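For the sequence shown, position 229 (counting from the first letter as 1) is numbered 292 according to the numbering used here, and the numbering increases by one without interruption. Glycine residues also receive a C-beta, built at the ideal position from the N, C-alpha and C atoms. As the structure is a prediction and not an experimental result, all values here were calculated from the model. See structure below.
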Amino acid sequence: MSILDPSMDSPSDEEVFHGLEDARSQRATRVGVVNYINTLPLITGLERLEGITLVPEVPSRQIKMILANEVDFGLCSVIDIVHAEQPMSVVPVGMLGCAGPTLTVRLFSSVPFQQVRRVHCDSDSHTSVALLKVLFRERHGCDLEIIPFDASIPPVVTGDDAVLLIGDKVVSHSLPPTLTAHEMDLGEAWYEMTSLPFVFATWLCRRDLVTEEHRRIVDSARILERTRRRNIDRLHSIAASRYREFGWSDAGLAQRYLDELLRFDLDEQAILGMTTFLELAARHTEPISFIDWS
Numbered sequence: 064m065s066i067l068d069p070s071m072d073s074p075s076d077e078e079v080f081h082g083l084e085d086a087r088s089q090r091a092t093r094v095g096v097v098n099y100i101n102t103l104p105l106i107t108g109l110e111r112l113e114g115i116t117l118v119p120e121v122p123s124r125q126i127k128m129i130l131a132n133e134v135d136f137g138l139c140s141v142i143d144i145v146h147a148e149q150p151m152s153v154v155p156v157g158m159l160g161c162a163g164p165t166l167t168v169r170l171f172s173s174v175p176f177q178q179v180r181r182v183h184c185d186s187d188s189h190t191s192v193a194l195l196k197v198l199f200r201e202r203h204g205c206d207l208e209i210i211p212f213d214a215s216i217p218p219v220v221t222g223d224d225a226v227l228l229i230g231d232k233v234v235s236h237s238l239p240p241t242l243t244a245h246e247m248d249l250g251e252a253w254y255e256m257t258s259l260p261f262v263f264a265t266w267l268c269r270r271d272l273v274t275e276e277h278r279r280i281v282d283s284a285r286i287l288e289r290t291r292r293r294n295i296d297r298l299h300s301i302a303a304s305r306y307r308e309f310g311w312s313d314a315g316l317a318q319r320y321l322d323e324l325l326r327f328d329l330d331e332q333a334i335l336g337m338t339t340f341l342e343l344a345a346r347h348t349e350p351i352s353f354i355d356w357s
């Protein structure tokens with residue numbers, strides 16, 4: 064695996080578009096993306112490129128699109144590395160992660176967490192649910208009963224049940240006051256337990272790529288890396304211009320979220336955090352496969 068030298072200058076618009084002439088002579092690369100505000104640093108600008116077609120879906124659907132050959136690669140929940148029906152490889156050109164609070168992956172409860180045994184879980188993310196199970200097993204010594212729900216329909220919560228929400232809806236949705244008596248930021252809880260970053264999602268593709276498919280992934284990976292590096296230099300302006308689209312009411316909070324709380328570079332510490340999580344969540348001890356795109 065190769066990770067770009069962080070001292071490299073951010074690419075210009077011309078560099079971002081450089082190399083697409085070859086891609087235009089082939090079919091477009093189909094890239095599964097997630098329409099949350101936190102994905103904007105990874106994907107903003109890709110919609111203008113002729114060689115790439117963006118296919119939006121929630122994180123939990125990304126791996127299904129890859130397996131069904133509906134996309135060439137996608138921004139997937141990290142736990143899908145071990146749960147997918149076919150072997151997967153990481154395309155290491157970005158991630159959605161944190162090293163502390165994440166703000167948008169939160170558990171809400173009316174009772175102290177040591178009393179919680181059932182959790183209504185937003186079904187958009189496999190990784191967040193797996194992380195929740197790890198945290199409760201390691202910190203409270205219990206296995207939770209998970210009740211999936213569609214976040215567009217408020218869950219019916221009774222007794223000591225808790226609710227896990229992810230994404231923009233944590234900021235844009237209102238919960239009953241009784242449910243906000245106790246809150247847990249899962250990214251913060253993970254960091255307190257391990258002192259490691261947490262990776263919620265990263266780019267995945269099938270491991271059994273033929274030569275032409277592999278070349279397409281590599282060419283697109285270079286474009287995604289240039290795009291991410293360019294966007295990292297303008298997180299404040301991205302947040303300020305787009306926050307309302309995702310139901311956020313506070314531009315300053317959106318800017319802090321993208322610029323201070325989240326991490327988008329899949330560096331060595333993030334990979335260590337990802338490996339540690341997979342070991343705890345799924346007893347996965349095999350080396351993670353990476354696409355070498357350099």
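Local Cβ density within 10 Å of residue i, reported as buried at 16 or more and exposed below that
| i | result |
| --- | --- |
| residue 140 | buried |
| residue 219 | exposed |
| residue 68 | Per-residue confidence for residue 68 stands at a pLDDT of 39, beneath the threshold of 50, marking its modelled position as unreliable; the derived number appears in the next sentence. Classification for residue 68: exposed. |
| residue 294 | buried |
| residue 101 | buried |
| residue 87 | Confidence in residue 87 is poor, its pLDDT being 47 and thus under 50, which makes the residue's placement too unreliable to answer from. |
| residue 85 | Residue placement at residue 85 is flagged as unreliable, the pLDDT there being 47, under the threshold of 50; the coordinate-derived value follows with that caveat. Exposed, since its Cβ has fewer than 16 Cβ neighbours within 10 Å. |
| residue 215 | exposed |
| residue 175 | exposed |
| residue 315 | exposed |
| residue 290 | buried |
| residue 162 | buried |
| residue 288 | buried |
| residue 292 | buried |
| residue 251 | buried |
Host beta strand (DSSP E) of residue i (start-end)
| i | result |
| --- | --- |
| residue 264 | 261-269 |
| residue 349 | It is not in any beta strand (DSSP E) - residue 349 carries neither H nor E in the DSSP assignment. |
| residue 324 | Here residue 324 belongs to no beta strand (DSSP E), and DSSP marks it neither H nor E. |
| residue 93 | 92-96 |
| residue 225 | 225-229 |
| residue 120 | Careful: residue 120 lies outside any beta strand (DSSP E) and carries neither H nor E. |
Unbroken alpha helix (DSSP H) run spanning residue i, endpoints
| i | result |
| --- | --- |
| residue 340 | 331-345 |
| residue 143 | 143-146 |
| residue 277 | 274-295 |
| residue 246 | Here residue 246 belongs to no alpha helix (DSSP H); instead the beta strand (DSSP E) covers 245-248. |
| residue 234 | 232-235 |
| residue 314 | 314-319 |
Pair within 7 Å by beta-carbon distance, residue i and residue j
| i | j | result |
| --- | --- | --- |
| residue 225 | residue 192 | no |
| residue 169 | residue 246 | yes |
| residue 343 | residue 197 | yes |
| residue 329 | residue 158 | yes |
| residue 231 | residue 99 | yes |
| residue 264 | residue 138 | yes |
| residue 227 | residue 195 | yes |
| residue 339 | residue 259 | yes |
| residue 284 | residue 154 | yes |
| residue 301 | residue 116 | no |
| residue 229 | residue 282 | no |
| residue 173 | residue 241 | yes |
| residue 171 | residue 243 | yes |
| residue 160 | residue 262 | yes |
| residue 269 | residue 149 | yes |
Rounded distance between the beta-carbons of residue j and residue i, thought under 8 Å
| i | j | result |
| --- | --- | --- |
| residue 166 | residue 147 | No, residue 166 and residue 147 are not in contact; Cβ-Cβ is about 28 Å, not under 8 Å. |
| residue 272 | residue 143 | Actually they do not touch by this definition, with Cβ atoms about 17 Å apart. |
| residue 187 | residue 121 | 4 Å |
| residue 209 | residue 182 | 6 Å |
Interface flag, residue i vs chain D, CB-CB below 7 Å
| i | result |
| --- | --- |
| residue 196 | Looking for chain D here will not work: only one protein chain is present. |
contact_flag[the stretch 88-103, the stretch 123-143] where n(CB pairs < 8 Å) is 3 or more = The stretch 88-103 vs the stretch 123-143: in contact.
Within the chosen definition, does the stretch 267-282 reach the stretch 337-357 through at least 3 CB pairs nearer than 8 Å?
-> When Cβ pairs closer than 8 Å are counted between the two stretches, the stretch 267-282 is seen to touch the stretch 337-357, the count reaching three or more.
Could you say if the stretch 309-321 and the stretch 183-191 meet the contact criterion of at least three C-beta pairs nearer than 8 Å?
-> No, the stretch 309-321 is not in contact with the stretch 183-191.
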